[in-house]
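Structure, as C-alpha coordinates:
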Amino acid sequence: MNLEIKRQLINFYDKNVWEHLTVSEHLKMWSNTYADRVAVVDENEELTYRQLKDEVDCYANGLLNQGFCKGDKVLFQLPNSKEFIIILFAMMSIGVIPVIILMGHRYSEVKGILNKTNAKAYIGINRYLGFSYEDMVSSIIEDTKEDLQVYLIGETEKYEKLCALRQNRKNKFAEELDYKETAIFLLSGGTTGFPKLIPNRHCEFIYLAKELANATDMNEDTVYLAALPMSHKFALCCPGMIGTLSKGGKVVTCRVSSPDEIIPLIEEQEISIMALVPTLANMCIEYLKNDDADISSLKYIQIGGSVLDSNLAKKIQEEFNCKLLQLYGMSESLITCSRVLDDDYDRLYTQGKKLSEFDEARIVDENGKEVSDGDFGELIVRGPYTILEYYDSSKLNDTQFTEECFLRTGDRAAKLYGDNYKIVGRVLEMINRAGEKIVPSELENILLTNKNIREVQIVGIPDETLGEKIGVFILKGSTVLTLRDIRNYLVERGLASFKLPDEVQYVDQWPLTSVGKIDKNKLKQQMIK
424 MNLEIKRQLI NFYDKNVWEH LTVSEHLKMW SNTYADRVAV VDENEELTYR
474 QLKDEVDCYA NGLLNQGFCK GDKVLFQLPN SKEFIIILFA MMSIGVIPVI
524 ILMGHRYSEV KGILNKTNAK AYIGINRYLG FSYEDMVSSI IEDTKEDLQV
574 YLIGETEKYE KLCALRQNRK NKFAEELDYK ETAIFLLSGG TTGFPKLIPN
624 RHCEFIYLAK ELANATDMNE DTVYLAALPM SHKFALCCPG MIGTLSKGGK
674 VVTCRVSSPD EIIPLIEEQE ISIMALVPTL ANMCIEYLKN DDADISSLKY
724 IQIGGSVLDS NLAKKIQEEF NCKLLQLYGM SESLITCSRV LDDDYDRLYT
774 QGKKLSEFDE ARIVDENGKE VSDGDFGELI VRGPYTILEY YDSSKLNDTQ
824 FTEECFLRTG DRAAKLYGDN YKIVGRVLEM INRAGEKIVP SELENILLTN
874 KNIREVQIVG IPDETLGEKI GVFILKGSTV LTLRDIRNYL VERGLASFKL
924 PDEVQYVDQW PLTSVGKIDK NKLKQQMIK
(Lines of atoms letter the chains of each structure in order from A and count residues from 1; the text may use other names and numbers.)
(Lines give C-alpha, C1' and ligand atoms only; values in the text may rest on other atoms or scores of the structure.)
Protein backbone atom coordinates (compact mmCIF):
# COMPACT_ATOMS: atom_id res chain seq x y z
CA MET A 1 0.00 0.00 0.00
CA ASN A 2 1.32 3.40 -1.00
CA LEU A 3 1.04 5.61 2.09
CA GLU A 4 1.03 8.81 0.02
CA ILE A 5 -1.98 7.57 -1.99
CA LYS A 6 -3.67 6.64 1.30
CA ARG A 7 -3.09 10.16 2.65
CA GLN A 8 -4.44 11.73 -0.55
CA LEU A 9 -7.58 9.57 -0.44
CA ILE A 10 -8.33 10.54 3.16
CA ASN A 11 -7.81 14.22 2.35
CA PHE A 12 -10.12 13.97 -0.68
CA TYR A 13 -12.91 12.23 1.26
CA ASP A 14 -12.51 14.70 4.10
CA LYS A 15 -12.87 17.67 1.77
CA ASN A 16 -15.54 16.35 -0.60
CA VAL A 17 -17.52 13.51 1.02
CA TRP A 18 -17.54 13.14 4.79
CA GLU A 19 -19.67 15.18 7.16
CA HIS A 20 -17.54 16.70 9.91
CA LEU A 21 -19.75 15.31 12.69
CA THR A 22 -19.46 12.42 15.14
CA VAL A 23 -22.17 9.80 15.66
CA SER A 24 -23.16 11.56 18.90
CA GLU A 25 -23.58 14.89 17.12
CA HIS A 26 -25.81 13.21 14.54
CA LEU A 27 -27.96 11.63 17.26
CA LYS A 28 -28.36 15.04 18.92
CA MET A 29 -29.54 16.51 15.60
CA TRP A 30 -32.00 13.66 15.06
CA SER A 31 -33.41 13.99 18.57
CA ASN A 32 -33.94 17.72 18.06
CA THR A 33 -35.53 17.30 14.62
CA TYR A 34 -37.76 14.29 15.37
CA ALA A 35 -38.09 14.77 19.15
CA ASP A 36 -41.56 13.31 19.79
CA ARG A 37 -41.66 10.81 16.97
CA VAL A 38 -41.23 7.14 17.89
CA ALA A 39 -37.65 6.04 17.27
CA VAL A 40 -37.59 2.48 18.66
CA VAL A 41 -40.16 -0.22 19.38
CA ASP A 42 -38.89 -3.14 21.44
CA GLU A 43 -41.37 -5.79 22.64
CA ASN A 44 -44.18 -3.19 22.52
CA GLU A 45 -42.17 -0.63 24.51
CA GLU A 46 -41.74 2.63 22.60
CA LEU A 47 -39.00 5.23 22.83
CA THR A 48 -39.28 8.61 21.16
CA TYR A 49 -36.19 10.27 19.73
CA ARG A 50 -36.01 12.54 22.78
CA GLN A 51 -36.33 9.58 25.16
CA LEU A 52 -33.71 7.63 23.23
CA LYS A 53 -31.25 10.51 23.51
CA ASP A 54 -31.99 10.86 27.24
CA GLU A 55 -31.34 7.15 27.82
CA VAL A 56 -28.12 7.32 25.81
CA ASP A 57 -26.95 10.26 27.93
CA CYS A 58 -27.73 8.42 31.19
CA TYR A 59 -25.73 5.35 30.18
CA ALA A 60 -22.91 7.55 28.88
CA ASN A 61 -22.84 9.17 32.34
CA GLY A 62 -22.57 5.76 33.97
CA LEU A 63 -19.75 4.68 31.70
CA LEU A 64 -17.82 7.87 32.45
CA ASN A 65 -18.45 7.57 36.18
CA GLN A 66 -17.14 3.99 36.11
CA GLY A 67 -13.87 5.19 34.62
CA PHE A 68 -14.42 4.45 30.95
CA CYS A 69 -12.74 6.93 28.66
CA LYS A 70 -11.95 7.67 25.03
CA GLY A 71 -10.14 4.80 23.31
CA ASP A 72 -11.25 2.07 25.72
CA LYS A 73 -12.58 -1.02 23.94
CA VAL A 74 -15.61 -2.99 25.11
CA LEU A 75 -16.67 -6.43 23.91
CA PHE A 76 -20.33 -5.97 23.02
CA GLN A 77 -22.47 -9.11 22.65
CA LEU A 78 -26.19 -8.39 22.83
CA PRO A 79 -29.22 -9.59 20.87
CA ASN A 80 -31.53 -7.11 19.17
CA SER A 81 -33.13 -4.95 21.85
CA LYS A 82 -33.51 -1.35 22.96
CA GLU A 83 -30.46 -1.94 25.16
CA PHE A 84 -28.38 -2.80 22.10
CA ILE A 85 -29.24 0.55 20.52
CA ILE A 86 -28.92 2.65 23.69
CA ILE A 87 -25.60 1.21 24.90
CA LEU A 88 -24.10 1.29 21.42
CA PHE A 89 -24.81 5.02 21.07
CA ALA A 90 -23.73 5.66 24.68
CA MET A 91 -20.31 4.14 24.09
CA MET A 92 -19.74 5.90 20.78
CA SER A 93 -20.83 9.24 22.28
CA ILE A 94 -17.91 9.27 24.74
CA GLY A 95 -15.30 7.67 22.48
CA VAL A 96 -15.48 4.18 23.99
CA ILE A 97 -15.13 1.75 21.08
CA PRO A 98 -17.64 -1.11 20.97
CA VAL A 99 -16.29 -4.34 19.50
CA ILE A 100 -19.48 -5.93 18.19
CA ILE A 101 -19.49 -9.70 18.67
CA LEU A 102 -22.06 -12.01 17.10
CA MET A 103 -24.39 -13.90 19.43
CA GLY A 104 -23.21 -17.08 17.73
CA HIS A 105 -19.63 -16.56 18.85
CA ARG A 106 -18.48 -18.69 21.74
CA TYR A 107 -15.49 -19.14 24.06
CA SER A 108 -12.91 -19.63 21.30
CA GLU A 109 -13.81 -16.53 19.30
CA VAL A 110 -14.56 -14.22 22.25
CA LYS A 111 -11.33 -15.13 24.01
CA GLY A 112 -9.38 -14.48 20.82
CA ILE A 113 -11.03 -11.09 20.31
CA LEU A 114 -10.32 -10.17 23.94
CA ASN A 115 -6.65 -11.03 23.51
CA LYS A 116 -6.47 -9.07 20.27
CA THR A 117 -8.16 -5.90 21.55
CA ASN A 118 -7.15 -5.89 25.22
CA ALA A 119 -10.74 -4.84 25.93
CA LYS A 120 -11.58 -3.23 29.26
CA ALA A 121 -15.07 -4.71 29.64
CA TYR A 122 -17.67 -7.14 28.35
CA ILE A 123 -21.31 -6.08 27.95
CA GLY A 124 -23.78 -8.86 27.24
CA ILE A 125 -26.71 -10.92 28.44
CA ASN A 126 -26.72 -13.65 31.07
CA ARG A 127 -28.53 -16.23 28.93
CA TYR A 128 -29.95 -16.28 25.41
CA LEU A 129 -31.58 -19.12 23.47
CA GLY A 130 -30.50 -21.65 26.08
CA PHE A 131 -26.82 -20.66 26.19
CA SER A 132 -25.16 -19.17 29.28
CA TYR A 133 -23.00 -16.24 28.24
CA GLU A 134 -22.31 -15.60 31.91
CA ASP A 135 -20.64 -19.01 32.24
CA MET A 136 -18.71 -18.44 29.01
CA VAL A 137 -17.32 -15.11 30.23
CA SER A 138 -16.46 -16.65 33.60
CA SER A 139 -14.43 -19.35 31.85
CA ILE A 140 -12.61 -16.77 29.74
CA ILE A 141 -11.73 -14.64 32.78
CA GLU A 142 -10.57 -17.71 34.70
CA ASP A 143 -8.37 -18.92 31.84
CA THR A 144 -6.91 -15.56 30.81
CA LYS A 145 -6.65 -13.97 34.27
CA GLU A 146 -7.86 -10.74 32.66
CA ASP A 147 -9.25 -8.00 34.90
CA LEU A 148 -12.39 -7.66 32.79
CA GLN A 149 -15.38 -5.60 33.91
CA VAL A 150 -18.63 -7.43 33.10
CA TYR A 151 -22.15 -5.98 32.79
CA LEU A 152 -25.06 -8.27 31.95
CA ILE A 153 -28.76 -8.00 31.15
CA GLY A 154 -30.70 -10.35 33.41
CA GLU A 155 -30.09 -11.92 36.79
CA THR A 156 -26.45 -12.38 37.75
CA GLU A 157 -24.71 -13.17 41.02
CA LYS A 158 -21.13 -12.74 39.83
CA TYR A 159 -21.28 -9.51 37.84
CA GLU A 160 -22.90 -6.09 37.64
CA LYS A 161 -26.31 -5.76 36.04
CA LEU A 162 -26.27 -3.61 32.93
CA CYS A 163 -28.86 -1.25 34.42
CA ALA A 164 -26.28 -0.27 37.06
CA LEU A 165 -24.62 1.83 34.37
CA ARG A 166 -27.70 4.03 34.03
CA GLN A 167 -26.90 7.19 36.00
CA ASN A 168 -28.52 10.62 35.81
CA ARG A 169 -25.60 12.55 37.25
CA LYS A 170 -22.36 13.07 35.36
CA ASN A 171 -19.29 13.20 37.62
CA LYS A 172 -16.78 13.13 34.79
CA PHE A 173 -16.73 14.63 31.32
CA ALA A 174 -15.89 12.96 28.03
CA GLU A 175 -12.87 13.96 26.01
CA GLU A 176 -13.49 15.79 22.75
CA LEU A 177 -14.05 13.46 19.81
CA ASP A 178 -13.04 13.83 16.18
CA TYR A 179 -15.25 12.60 13.33
CA LYS A 180 -12.26 10.85 11.71
CA GLU A 181 -11.57 8.73 14.79
CA THR A 182 -12.67 5.10 15.13
CA ALA A 183 -16.27 4.82 16.31
CA ILE A 184 -16.79 1.07 16.23
CA PHE A 185 -15.19 -2.28 15.44
CA LEU A 186 -17.07 -4.74 13.25
CA LEU A 187 -15.96 -8.31 12.58
CA SER A 188 -15.22 -10.10 9.34
CA GLY A 189 -14.24 -13.70 8.65
CA GLY A 190 -10.47 -14.06 8.67
CA THR A 191 -8.21 -16.24 6.57
CA THR A 192 -7.33 -18.25 9.68
CA GLY A 193 -10.89 -18.50 10.94
CA PHE A 194 -10.27 -15.85 13.60
CA PRO A 195 -12.41 -12.77 12.93
CA LYS A 196 -10.65 -9.78 11.43
CA LEU A 197 -11.26 -6.50 13.26
CA ILE A 198 -12.71 -3.77 11.05
CA PRO A 199 -12.33 -0.19 12.33
CA ASN A 200 -15.06 2.22 11.19
CA ARG A 201 -14.64 5.99 11.58
CA HIS A 202 -17.60 8.11 12.73
CA CYS A 203 -17.79 9.80 9.32
CA GLU A 204 -17.56 6.55 7.32
CA PHE A 205 -20.16 4.80 9.45
CA ILE A 206 -22.74 7.57 9.10
CA TYR A 207 -22.01 8.22 5.42
CA LEU A 208 -22.73 4.59 4.53
CA ALA A 209 -25.99 4.46 6.50
CA LYS A 210 -27.31 7.73 5.06
CA GLU A 211 -26.42 6.83 1.47
CA LEU A 212 -28.25 3.51 1.79
CA ALA A 213 -31.20 5.22 3.45
CA ASN A 214 -31.47 7.38 0.34
CA ALA A 215 -31.10 4.37 -1.96
CA THR A 216 -33.97 2.57 -0.20
CA ASP A 217 -36.30 5.59 -0.18
CA MET A 218 -36.38 5.95 3.62
CA ASN A 219 -38.22 8.88 5.25
CA GLU A 220 -40.14 9.79 8.41
CA ASP A 221 -42.85 7.26 7.55
CA THR A 222 -40.40 4.36 7.28
CA VAL A 223 -40.95 1.48 9.70
CA TYR A 224 -37.87 -0.75 9.62
CA LEU A 225 -37.91 -4.26 11.07
CA ALA A 226 -34.51 -5.32 12.39
CA ALA A 227 -35.19 -8.96 11.55
CA LEU A 228 -31.50 -9.84 11.31
CA PRO A 229 -29.09 -9.31 14.22
CA MET A 230 -27.91 -5.72 14.45
CA SER A 231 -24.50 -7.15 15.34
CA HIS A 232 -24.23 -7.70 11.57
CA LYS A 233 -23.47 -4.67 9.41
CA PHE A 234 -26.53 -5.40 7.23
CA ALA A 235 -29.11 -4.67 9.94
CA LEU A 236 -26.92 -2.14 11.72
CA CYS A 237 -26.18 0.42 9.01
CA CYS A 238 -27.08 -0.88 5.51
CA PRO A 239 -29.23 1.19 6.01
CA GLY A 240 -30.47 -0.73 9.04
CA MET A 241 -31.08 0.86 12.39
CA ILE A 242 -28.72 3.80 11.85
CA GLY A 243 -30.07 4.70 8.42
CA THR A 244 -33.67 4.56 9.65
CA LEU A 245 -32.97 6.91 12.55
CA SER A 246 -31.13 9.32 10.25
CA LYS A 247 -34.42 9.81 8.35
CA GLY A 248 -36.73 10.07 11.36
CA GLY A 249 -38.20 6.61 10.83
CA LYS A 250 -39.12 3.91 13.34
CA VAL A 251 -36.96 0.87 14.19
CA VAL A 252 -38.77 -2.26 15.38
CA THR A 253 -36.53 -4.88 16.99
CA CYS A 254 -36.92 -8.58 16.34
CA ARG A 255 -35.45 -10.53 19.27
CA VAL A 256 -35.10 -13.86 17.42
CA SER A 257 -34.61 -14.11 13.67
CA SER A 258 -37.42 -16.58 13.06
CA PRO A 259 -40.55 -16.45 10.86
CA ASP A 260 -42.93 -16.87 13.81
CA GLU A 261 -41.69 -13.54 15.19
CA ILE A 262 -40.99 -11.74 11.91
CA ILE A 263 -44.35 -12.27 10.19
CA PRO A 264 -46.56 -11.19 13.14
CA LEU A 265 -44.40 -8.08 13.64
CA ILE A 266 -44.86 -7.07 10.00
CA GLU A 267 -48.62 -7.08 10.54
CA GLU A 268 -48.68 -5.58 14.06
CA GLN A 269 -46.21 -2.75 13.41
CA GLU A 270 -47.06 -2.17 9.72
CA ILE A 271 -43.47 -2.72 8.66
CA SER A 272 -42.47 -1.03 5.40
CA ILE A 273 -38.95 -2.42 4.91
CA MET A 274 -36.78 -5.20 6.29
CA ALA A 275 -33.60 -7.08 5.40
CA LEU A 276 -33.22 -10.86 5.23
CA VAL A 277 -30.68 -13.42 4.08
CA PRO A 278 -31.96 -15.84 1.40
CA THR A 279 -32.33 -18.74 3.83
CA LEU A 280 -34.51 -16.78 6.22
CA ALA A 281 -36.58 -15.34 3.38
CA ASN A 282 -37.32 -18.86 2.18
CA MET A 283 -38.33 -19.91 5.70
CA CYS A 284 -40.72 -16.95 5.91
CA ILE A 285 -42.32 -17.98 2.61
CA GLU A 286 -42.95 -21.47 3.98
CA TYR A 287 -44.42 -19.96 7.15
CA LEU A 288 -46.80 -17.77 5.15
CA LYS A 289 -48.30 -20.83 3.46
CA ASN A 290 -50.05 -21.65 6.74
CA ASP A 291 -50.63 -18.13 8.00
CA ASP A 292 -53.06 -15.41 6.89
CA ALA A 293 -51.11 -12.44 8.28
CA ASP A 294 -51.65 -9.11 6.53
CA ILE A 295 -48.20 -8.06 5.29
CA SER A 296 -49.46 -5.53 2.74
CA SER A 297 -47.61 -2.67 4.49
CA LEU A 298 -44.30 -4.11 3.25
CA LYS A 299 -42.89 -2.01 0.38
CA TYR A 300 -39.32 -3.28 0.15
CA ILE A 301 -37.39 -6.36 1.22
CA GLN A 302 -33.60 -6.25 1.08
CA ILE A 303 -31.79 -9.52 0.40
CA GLY A 304 -28.07 -10.00 0.98
CA GLY A 305 -25.52 -11.97 2.96
CA SER A 306 -25.03 -14.71 0.37
CA VAL A 307 -25.54 -15.34 -3.33
CA LEU A 308 -29.23 -15.16 -4.27
CA ASP A 309 -30.55 -17.52 -6.92
CA SER A 310 -32.68 -15.62 -9.45
CA ASN A 311 -35.54 -18.15 -9.13
CA LEU A 312 -35.65 -17.62 -5.38
CA ALA A 313 -35.47 -13.85 -5.95
CA LYS A 314 -38.60 -13.99 -8.11
CA LYS A 315 -40.32 -16.23 -5.57
CA ILE A 316 -39.54 -13.81 -2.71
CA GLN A 317 -40.87 -10.81 -4.62
CA GLU A 318 -44.06 -12.65 -5.58
CA GLU A 319 -44.81 -14.12 -2.14
CA PHE A 320 -44.11 -10.92 -0.20
CA ASN A 321 -45.80 -8.83 -2.91
CA CYS A 322 -43.24 -6.03 -2.64
CA LYS A 323 -40.07 -4.88 -4.37
CA LEU A 324 -36.97 -6.98 -3.77
CA LEU A 325 -33.75 -4.98 -3.38
CA GLN A 326 -30.48 -6.88 -3.60
CA LEU A 327 -27.40 -5.82 -1.67
CA TYR A 328 -23.80 -6.99 -1.77
CA GLY A 329 -21.12 -5.92 0.65
CA MET A 330 -18.67 -6.84 3.36
CA SER A 331 -17.78 -5.44 6.77
CA GLU A 332 -14.76 -3.78 5.19
CA SER A 333 -16.01 -2.24 2.05
CA LEU A 334 -18.06 -1.38 -1.00
CA ILE A 335 -21.77 -1.86 -1.23
CA THR A 336 -23.57 -2.52 -4.48
CA CYS A 337 -27.33 -2.41 -4.28
CA SER A 338 -30.58 -2.24 -6.20
CA ARG A 339 -32.41 1.08 -6.34
CA VAL A 340 -36.15 1.30 -5.82
CA LEU A 341 -36.63 2.59 -9.38
CA ASP A 342 -34.62 -0.22 -11.01
CA ASP A 343 -36.61 -2.54 -13.24
CA ASP A 344 -37.40 -6.11 -12.22
CA TYR A 345 -34.64 -7.66 -14.29
CA ASP A 346 -31.89 -5.58 -12.69
CA ARG A 347 -33.23 -6.15 -9.18
CA LEU A 348 -33.74 -9.91 -9.57
CA TYR A 349 -30.72 -10.90 -11.65
CA THR A 350 -27.93 -8.57 -10.48
CA GLN A 351 -26.57 -7.19 -7.22
CA GLY A 352 -27.10 -3.64 -8.41
CA LYS A 353 -24.80 -0.67 -8.87
CA LYS A 354 -22.14 0.94 -6.69
CA LEU A 355 -23.73 2.81 -3.79
CA SER A 356 -21.69 6.01 -3.91
CA GLU A 357 -20.51 8.13 -6.80
CA PHE A 358 -17.14 8.11 -5.03
CA ASP A 359 -16.88 4.30 -4.92
CA GLU A 360 -14.25 2.79 -7.22
CA ALA A 361 -14.40 -0.85 -8.31
CA ARG A 362 -12.26 -2.94 -10.63
CA ILE A 363 -12.52 -6.55 -11.78
CA VAL A 364 -9.05 -8.07 -12.14
CA ASP A 365 -7.54 -11.39 -13.16
CA GLU A 366 -5.09 -13.42 -11.08
CA ASN A 367 -2.28 -11.10 -12.20
CA GLY A 368 -4.08 -7.95 -11.11
CA LYS A 369 -4.91 -6.87 -14.66
CA GLU A 370 -8.38 -5.43 -15.31
CA VAL A 371 -10.69 -7.66 -17.36
CA SER A 372 -13.28 -6.55 -19.88
CA ASP A 373 -16.86 -5.78 -18.87
CA GLY A 374 -18.83 -9.02 -18.71
CA ASP A 375 -15.80 -11.12 -17.79
CA PHE A 376 -15.41 -12.53 -14.29
CA GLY A 377 -12.50 -11.88 -11.98
CA GLU A 378 -11.75 -10.72 -8.46
CA LEU A 379 -13.49 -7.55 -7.29
CA ILE A 380 -11.17 -4.95 -5.78
CA VAL A 381 -12.54 -1.71 -4.33
CA ARG A 382 -11.85 1.59 -2.59
CA GLY A 383 -14.10 4.43 -1.51
CA PRO A 384 -15.28 6.73 1.29
CA TYR A 385 -16.53 3.93 3.58
CA THR A 386 -14.09 1.18 2.52
CA ILE A 387 -11.40 0.69 5.13
CA LEU A 388 -7.79 1.54 4.38
CA GLU A 389 -6.37 -0.73 7.07
CA TYR A 390 -7.25 -3.55 9.44
CA TYR A 391 -6.81 -3.17 13.17
CA ASP A 392 -3.35 -4.16 14.42
CA SER A 393 -2.51 -6.45 11.50
CA SER A 394 0.40 -5.40 9.31
CA LYS A 395 0.30 -8.78 7.56
CA LEU A 396 -3.31 -8.30 6.46
CA ASN A 397 -2.61 -4.71 5.46
CA ASP A 398 0.26 -5.92 3.27
CA THR A 399 -1.69 -8.73 1.59
CA GLN A 400 -5.27 -7.44 1.37
CA PHE A 401 -4.58 -4.06 -0.24
CA THR A 402 -3.03 -3.19 -3.59
CA GLU A 403 -0.35 -0.55 -4.01
CA GLU A 404 -3.11 1.90 -4.97
CA CYS A 405 -5.05 1.17 -1.75
CA PHE A 406 -7.73 -1.02 -3.36
CA LEU A 407 -9.09 -3.69 -1.02
CA ARG A 408 -9.01 -7.24 -2.39
CA THR A 409 -12.48 -8.59 -1.62
CA GLY A 410 -11.78 -12.19 -2.61
CA ASP A 411 -15.15 -12.25 -4.37
CA ARG A 412 -15.65 -13.39 -7.95
CA ALA A 413 -17.65 -10.82 -9.89
CA ALA A 414 -18.34 -9.20 -13.25
CA LYS A 415 -19.43 -5.74 -14.32
CA LEU A 416 -22.48 -6.03 -16.56
CA TYR A 417 -24.62 -3.67 -18.65
CA GLY A 418 -25.69 -0.38 -17.12
CA ASP A 419 -22.95 -0.53 -14.46
CA ASN A 420 -24.68 -3.41 -12.64
CA TYR A 421 -22.54 -6.00 -10.88
CA LYS A 422 -22.95 -9.76 -10.65
CA ILE A 423 -21.37 -11.57 -7.68
CA VAL A 424 -21.08 -15.35 -8.04
CA GLY A 425 -19.07 -16.49 -5.03
CA ARG A 426 -15.64 -16.58 -3.44
CA VAL A 427 -12.38 -16.72 -5.30
CA LEU A 428 -10.95 -18.86 -2.52
CA GLU A 429 -12.45 -21.75 -0.62
CA MET A 430 -14.25 -19.97 2.19
CA ILE A 431 -17.63 -21.59 2.87
CA ASN A 432 -20.73 -19.39 2.93
CA ARG A 433 -23.31 -21.17 5.04
CA ALA A 434 -26.58 -19.20 5.32
CA GLY A 435 -24.65 -15.93 5.09
CA GLU A 436 -22.06 -16.88 7.71
CA LYS A 437 -18.48 -17.28 6.50
CA ILE A 438 -16.51 -20.38 7.58
CA VAL A 439 -12.82 -20.99 6.89
CA PRO A 440 -12.12 -24.72 6.30
CA SER A 441 -8.66 -24.64 7.86
CA GLU A 442 -10.06 -23.52 11.22
CA LEU A 443 -12.26 -26.62 11.52
CA GLU A 444 -9.54 -28.88 10.12
CA ASN A 445 -7.02 -27.70 12.69
CA ILE A 446 -9.41 -28.27 15.60
CA LEU A 447 -10.51 -31.71 14.38
CA LEU A 448 -6.90 -32.81 14.03
CA THR A 449 -6.57 -32.47 17.81
CA ASN A 450 -8.97 -35.44 18.10
CA LYS A 451 -6.93 -38.61 18.63
CA ASN A 452 -9.29 -40.57 16.36
CA ILE A 453 -8.72 -38.30 13.34
CA ARG A 454 -5.46 -38.60 11.40
CA GLU A 455 -6.28 -36.50 8.37
CA VAL A 456 -9.31 -34.37 7.56
CA GLN A 457 -10.54 -32.03 4.83
CA ILE A 458 -13.43 -29.54 5.01
CA VAL A 459 -15.29 -28.50 1.86
CA GLY A 460 -18.37 -26.45 0.99
CA ILE A 461 -21.20 -28.43 -0.59
CA PRO A 462 -23.84 -26.58 -2.68
CA ASP A 463 -27.22 -26.57 -0.95
CA GLU A 464 -30.51 -25.01 -2.06
CA THR A 465 -31.49 -23.91 1.44
CA LEU A 466 -28.20 -22.87 3.06
CA GLY A 467 -26.24 -21.82 -0.01
CA GLU A 468 -23.45 -24.14 1.10
CA LYS A 469 -23.26 -26.96 3.63
CA ILE A 470 -20.14 -27.89 5.56
CA GLY A 471 -18.82 -31.29 4.51
CA VAL A 472 -16.19 -33.24 6.46
CA PHE A 473 -13.95 -35.86 4.83
CA ILE A 474 -11.91 -38.09 7.16
CA LEU A 475 -9.24 -40.60 6.20
CA LYS A 476 -10.38 -44.00 7.43
CA GLY A 477 -8.84 -45.31 10.63
CA SER A 478 -9.69 -47.84 13.31
CA THR A 479 -12.43 -45.66 14.86
CA VAL A 480 -15.44 -44.24 13.04
CA LEU A 481 -16.88 -41.01 14.44
CA THR A 482 -20.47 -40.06 13.67
CA LEU A 483 -21.55 -36.58 12.61
CA ARG A 484 -22.92 -36.09 16.13
CA ASP A 485 -19.54 -37.06 17.63
CA ILE A 486 -17.78 -34.51 15.45
CA ARG A 487 -20.26 -31.73 16.18
CA ASN A 488 -20.10 -32.40 19.94
CA TYR A 489 -16.30 -32.34 19.82
CA LEU A 490 -16.32 -28.91 18.18
CA VAL A 491 -18.96 -27.56 20.58
CA GLU A 492 -16.85 -28.69 23.54
CA ARG A 493 -13.97 -26.64 22.15
CA GLY A 494 -16.05 -23.49 22.05
CA LEU A 495 -16.75 -23.28 18.33
CA ALA A 496 -19.70 -21.19 17.11
CA SER A 497 -22.79 -23.21 16.21
CA PHE A 498 -22.93 -21.90 12.63
CA LYS A 499 -19.53 -23.51 11.98
CA LEU A 500 -20.68 -27.04 12.84
CA PRO A 501 -20.52 -29.57 9.96
CA ASP A 502 -23.61 -30.85 8.16
CA GLU A 503 -22.27 -34.06 6.60
CA VAL A 504 -19.38 -36.48 7.09
CA GLN A 505 -17.82 -39.09 4.80
CA TYR A 506 -14.84 -41.42 5.19
CA VAL A 507 -12.34 -42.06 2.39
CA ASP A 508 -9.70 -44.75 1.86
CA GLN A 509 -7.32 -42.28 0.20
CA TRP A 510 -7.28 -38.67 -0.94
CA PRO A 511 -7.86 -37.77 -4.59
CA LEU A 512 -4.86 -35.80 -5.82
CA THR A 513 -4.28 -33.11 -8.43
CA SER A 514 -1.55 -33.30 -11.04
CA VAL A 515 0.86 -31.57 -8.66
CA GLY A 516 0.13 -33.93 -5.80
CA LYS A 517 -2.22 -31.72 -3.78
CA ILE A 518 -5.49 -32.96 -2.34
CA ASP A 519 -8.22 -32.27 -4.89
CA LYS A 520 -11.05 -30.63 -2.93
CA ASN A 521 -13.18 -30.26 -6.04
CA LYS A 522 -13.26 -34.04 -6.45
CA LEU A 523 -14.18 -34.42 -2.79
CA LYS A 524 -17.00 -31.92 -3.26
CA GLN A 525 -18.34 -33.82 -6.27
CA GLN A 526 -18.11 -37.08 -4.35
CA MET A 527 -20.32 -35.72 -1.56
CA ILE A 528 -22.80 -34.20 -4.04
CA LYS A 529 -23.26 -37.64 -5.63
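FYI, my numbering numbers position 363 of the sequence shown as 786, with every residue one higher than the one before it. We treat Cβ as the ideally placed atom computed from N, Cα and C, and that holds for glycine. Please read these numbers as outputs of a predicted model, since none were measured by experiment.
- Between Thr773 and Ile803, the C-beta gap is not smaller than 8 Å, which leaves the two residues out of contact.
- Below 8 Å, enough C-beta pairs join the region 648-666 and the region 495-515 to call them touching: three or more.
- Beta-bridge analysis with DSSP links Arg831 to Ile803.
- Bounds of any beta strand (DSSP E) do not take in Pro502, whose DSSP letter is neither H nor E.
- C-alpha of Asp886 to C-alpha of His443: approximately 46 Å in a straight line.
- In this structure, DSSP gives Ala650 a state outside helix and strand, which the three-state scheme calls coil.
- With a threshold of 16 other beta carbon atoms within 10 Å, Ser555 falls short and is exposed.
- Secondary structure of Lys722 (DSSP, three-state): coil.
- For Asp477, the uninterrupted alpha helix (DSSP H) run begins and ends at Tyr472 to Asn488, by DSSP.
- Judged by pairs of C-beta atoms under 8 Å, the region 719-732 touches the region 686-703, as three or more such pairs exist.
- Of the candidates Asp834, Leu839 and Ala857, Asp834 places its Cα closest to the Cα of Val847.
- 8 Å or more divides the Cβ of Ile523 from the Cβ of Tyr813.
- Excluding five sequence positions before and after Asn843, the CB atoms of its chain that fall closer than 7 Å to its own CB belong to Asp769, Thr773, Gly775 and Lys776, given in chain order.
- Here the C-alpha atom of Gly663 lies approximately 37 Å from the C-alpha atom of Lys568.
- The continuous alpha helix (DSSP H) containing Tyr436 extends over residues Leu426 to Asn439.
- One Cα belongs to Gly900, the other to Tyr929, and the distance between them is close to 9 Å.
- For Met697, DSSP records a beta bridge to Leu648 and Ile724.
- Annotated three-state conformation of Lys845 is strand, per DSSP.
- Ala837 and Gly797 do touch by the CB rule: their CB atoms are close to 6 Å apart, below 8 Å.
- For Ala483, the closest of Lys593, Arg910 and Ala784 by C-alpha to C-alpha distance is Lys593.
- Residue environment: Arg529 is assigned as buried (16 or more neighbouring CB atoms within 10 Å of its CB, all protein chains considered).
- Residue range Glu783 to Val787 is occupied by the beta strand (DSSP E) that includes Val787.
- Contact between the region 557-575 and the region 684-691 is absent: fewer than 3 CB-CB pairs across the two stretches fall below 8 Å.
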